[in-house]
Amino acid sequence: MSTFLTLLKREYWENRGGFLWAPIIVISLFTVFTLIGMIAGKVHLGNLPVEMRSLPLDQMIAKLSPEQLQKAMIGWRHALAGFGLIVQMVLGVVLFFYLLSSLHDDRKDRSILFWKSMPVSDFSTLLSKYVSAALVAPLFAWVGVIVLQLIMLVMFSIFFLSNGVQKYTLLWTEADLIGMWIRMFVGIPLNALWALPAYGWLMMVSSWSRSRPFLWAVFAPIGVGLVLTWIDVLSNLQIPQSWYWINMFGRAILGVVPWMFGDGANAIGFNFSSDRGPYDLYSWEAMGSLLGSAHLWIGVVAGLAMLGVAFYFRRYREIAD
Amino acid sequence: MTAVIKARGLRKNYGRFEALKGIDLDIEPGKIIGLIGPNGAGKTTAIKAMLGLTDYQGELKVLGFDPHTQRHQLMQEACFVADVAVLPRWIRVHQAIEYVEGVHPRFSRTKCEALLAKTKINPKSRVRELSKGMIVQLHLALVMAIDAKLLVLDEPTLGLDILYRREFYQTLLNDYFDNGKTIIVTTHQVEEIEHILTDVMFIKDGQIVLRSTMDEVAERFVEVMVGPENREKALALKPIDERQVFGKSIYLFDGISRKDAEQLGETRTPGIADVFVATMKGAYK
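As they're listed, the protein sequences go chains H and F. Residues 52 to 372 in my numbering are what the first sequence lists, from first letter to last. Residues 25 to 309 in my numbering are what the second sequence lists, from first letter to last.
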């Protein structure tokens, strides 16, 4: 077990920039921009006629009907969840490049000869990389989301308070923070299953390609999609295009971004609409329906198969001089 | 005592090129073996096969394991430096130590730190900040702190200055080596290692052309400085090599008696390098 922890540490050391610093930087930037926005808003407010400067917001809130208040607070929950999405998107980009280089970079710089001189099985190596992508990095991002949401809560509380709104406490009490955090946490292992095809595909290309894994990983599936379009145009064969782009291309490439199962199993991504926002993404319903869908488990099998191919190349292919 | 390495008909082809042409080999424990051969002779291929880094035909057992299928078990007891400067460039020195300590049950941090203390390597540096020679020093310190039954060193001292090379080989012999261990070294700087070797193995065109202990080499080969008057006699004994020094000829003989040799002129025991050069004639043809 301590061996495996060492392997996880190794992955962290090499990828601290992506796992740790990327979320920190995004959070900092977002905080700074929000702050600038608030200050600008405050300054703008200062230009208003005196009688309009102190809006009777408290009284307005008090006059809201419970339904109206409920709606406003759900809007706030969407906003908080939306802040989290920013961190998750960055995690997706980090994971894409991490997985793509995971079994390629050490072949390129020949340090694989050092790693292979240690009593670490190639299976453990592969597993440590999968676990880093599926659990370690998402845990960092999860903490990042919580930090960003807390920062936003504090900033908006101060903003409201400085504008004389006493009811800012609603921001905290109605946010469903703990619930959201728990669902996001439970979503991490679920996402690890859902994203297996993407992880498997990227690691397979990383393990197999002699150079430029990026081009192979991205343009090979695009090429296949274009060929399908051609066949479609040239013959009367009806190949379901959208099926390919969703279930093959989508699952293999876009699936690396967390929470892409939000729209149910036979789709990729999440359609936002007036009555569906980011907050609905982190729902028990979405997770529950996913667990029961064949799409998830077919993807798991496909992902494991590709990881198997990745293992084969890692284990048996000769290292070029 | 079982053989550390046992090979029967070991072959390896790269397409049409035969890198190893059926090698038979037995290596017992407690030896320091120099594997010596010109570029492209098959040294690295042979080493790769022994370490499970390539597939092969024929029979091969290393420490009782099949290196290709039981690589993981083999690596518990064997270690290697396959090439210099292959440490990952992003890692920090203290991380590299922590990593090996974490994954290798036979690693001693104390030993490693003692070895590093003799260098100018800062534990906080990243490998990419170290000079070429320092990277090699770090790699060797990591490997020498592992109590392995078999240590394979492929050109371990490339890029090191002569002071450190000397010290490294002395440490290897005095501190690392013992009767339970086997060390295989390849290097082009043959002269520097011959005094620590117990055995020598020449490889040429994918075949082992000489395999003997250093004592046998000293008995078997003799170099004689022959004046012009004895030249005919010397040539009759079929020297395997000839070179000219100050108008005299120096002949290298394989397997003639000491008495015969002494009649021809002044004798001396040739260095491994001389024997090597004579044996490898035509290696590039």
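Note that beta-carbon positions come from the ideal geometry of N, C-alpha and C, so glycine has one too. Owing to the predicted nature of the structure, the values given are computational and were not obtained by experimental measurement.
In the structure shown, what three-state DSSP assignment does residue i receive?
{"i": "Leu261(F)", "result": "coil"}
{"i": "Phe312(H)", "result": "coil"}
{"i": "Tyr38(F)", "result": "strand"}
{"i": "Asp171(F)", "result": "coil"}
{"i": "Leu22(F)", "result": "No statement about residue 22(F) is possible, as the shown extent of chain F runs from 25 to 309 and does not include it."}
{"i": "Ser286(H)", "result": "coil"}
{"i": "Gly120(F)", "result": "According to the sequence displayed, residue 120(F) carries Ala and not Gly. The answer is helix: DSSP assigns Ala120(F) an H, G or I state."}
{"i": "Ala31(F)", "result": "strand"}
{"i": "Lys305(F)", "result": "coil"}
{"i": "Val360(H)", "result": "helix"}
{"i": "Met235(H)", "result": "helix"}
{"i": "Ala70(F)", "result": "helix"}
{"i": "Ile238(F)", "result": "The sequence given here has Met at residue 238(F), not Ile. The answer is helix: DSSP assigns Met238(F) an H, G or I state."}
{"i": "Ile57(F)", "result": "strand"}
{"i": "Met249(F)", "result": "strand"}
{"i": "Thr206(F)", "result": "strand"}
{"i": "Lys93(H)", "result": "helix"}
{"i": "Lys148(F)", "result": "coil"}
{"i": "Tyr275(F)", "result": "strand"}
{"i": "Asp326(H)", "result": "coil"}
{"i": "Arg190(F)", "result": "helix"}
In chain H, which residues lie less than 7 Å from residue i when you measure between Cβ atoms?
{"i": "Ala70(F)", "result": "Under the 7 Å cutoff, chain H gives no residues; its nearest Cβ is about 14 Å from Ala70(F)."}
If the cut is a Cβ gap below 8 Å, which residues of chain F does residue i touch?
{"i": "Arg261(H)", "result": "Residues of chain F passing the Cβ test: none, with the nearest at roughly 16 Å."}
{"i": "Ser53(H)", "result": "Gly126"}
{"i": "Ala176(H)", "result": "The amino acid occupying residue 176(H) in the given sequence is Thr; Ala does not appear at that position. Going along chain F, no residue has its Cβ under 8 Å from Thr176(H), so there is no contact; the nearest lies around 10 Å."}
Can you tell me the Cα-Cα spacing of residue i and residue j, whole angstroms?
{"i": "Ala138(F)", "j": "Met254(H)", "result": "39 Å"}
{"i": "Tyr367(H)", "j": "Leu77(F)", "result": "8 Å"}
{"i": "Ile264(F)", "j": "Glu243(F)", "result": "15 Å"}
{"i": "Leu184(F)", "j": "Ser236(F)", "result": "29 Å"}
{"i": "Leu174(F)", "j": "Leu178(H)", "result": "28 Å"}
{"i": "Ala285(F)", "j": "Lys262(F)", "result": "12 Å"}
{"i": "Asn37(F)", "j": "Val360(H)", "result": "24 Å"}
{"i": "Leu177(F)", "j": "His155(H)", "result": "25 Å"}
{"i": "Leu120(H)", "j": "Arg128(H)", "result": "12 Å"}
{"i": "Ser226(H)", "j": "Met111(H)", "result": "Contrary to the premise, residue 226(H) reads as Ala rather than Ser in this sequence. C-alpha separation (whole angstroms): 20 Å."}
{"i": "Gly89(H)", "j": "Leu115(H)", "result": "Looking at the sequence provided, one finds Met at residue 89(H) rather than Gly. One C-alpha to the other measures close to 25 Å."}
{"i": "Ser132(F)", "j": "Ala260(F)", "result": "58 Å"}
{"i": "Thr224(H)", "j": "Ile125(H)", "result": "12 Å"}
{"i": "Leu140(F)", "j": "Gln161(F)", "result": "8 Å"}
{"i": "Gly301(H)", "j": "Tyr295(H)", "result": "8 Å"}
{"i": "Val187(H)", "j": "Ser53(H)", "result": "16 Å"}
{"i": "Ser175(H)", "j": "Thr93(F)", "result": "16 Å"}
{"i": "Glu290(F)", "j": "Glu218(F)", "result": "23 Å"}
{"i": "Trp281(H)", "j": "Gly46(F)", "result": "53 Å"}
{"i": "Phe277(F)", "j": "Arg158(H)", "result": "47 Å"}
{"i": "Leu59(H)", "j": "Trp166(H)", "result": "14 Å"}
{"i": "Lys228(F)", "j": "Gly33(F)", "result": "16 Å"}
{"i": "Phe320(F)", "j": "Ile51(F)", "result": "Nothing can be reported for residue 320(F), as the shown portion of chain F is limited to 25 through 309."}
Anything in chain H within Cβ reach of residue i, meaning under 9 Å, just list it in chain order.
{"i": "Gln100(F)", "result": "Pro170"}
Strictly below 7 Å CB to CB, what residues from chain F border residue i?
{"i": "Ile370(H)", "result": "Leu77"}
{"i": "Arg61(H)", "result": "Tyr123"}
{"i": "Thr57(H)", "result": "Tyr123, Gly126, Val127"}
Hey, does residue i have any beta-carbon neighbour from chain A nearer than 8 Å?
{"i": "Pro53(F)", "result": "Protein chains H and F are contained in the structure displayed, whereas chain A is not."}
Short-range partners of chain F found in the stretch 139-169 of chain H, where Cβ spacing is below 9 Å: Asp156, Asp157, Asp160, Arg161, Ser162, Ile163, Leu164, Phe165, Trp166, Lys167, Ser168, Met169
Note down, in chain order, all residues in the stretch 64-97 of chain H with a beta-carbon under 7 Å from any beta-carbon belonging to chain F. Trp64, Glu65
Is the stretch 266-274 of chain F close to the stretch 233-253 of chain F, with three or more CB pairs under 8 Å? yes
Give me the subset of the stretch 261-286 of chain H whose CB atoms are less than 8 Å from a CB atom of chain F, sorted by chain position. none
Using 8 Å as the Cβ pair cut-off and three pairs as the minimum, do the stretch 72-88 of chain F and the stretch 139-150 of chain F touch? no
Is the stretch 261-268 of chain H in contact with the stretch 230-237 of chain H, if contact means three or more CB pairs nearer than 8 Å? no
Interface residues of the stretch 95-119 of chain F facing chain H [CB-CB below 9 Å]: Arg95, His96, Gln97, Leu98, Met99, Gln100, Glu101, Ala102, Cys103, Phe104, Val105, Ala106, Asp107, Ala109, Val110, Leu111, Pro112, Arg113, Trp114, Ile115, Arg116, Gln119
How about the stretch 338-354 of chain H and the stretch 240-248 of chain H: do they share at least three Cβ pairs that are nearer than 8 Å? yes
Inspect the CB distances between the stretch 211-218 of chain F and the stretch 291-300 of chain F and report whether three or more fall short of 8 Å. yes
Segment contact flag, the stretch 71-87 of chain H with the stretch 191-199 of chain H, C-beta cutoff 8 Å, min 3 pairs: yes
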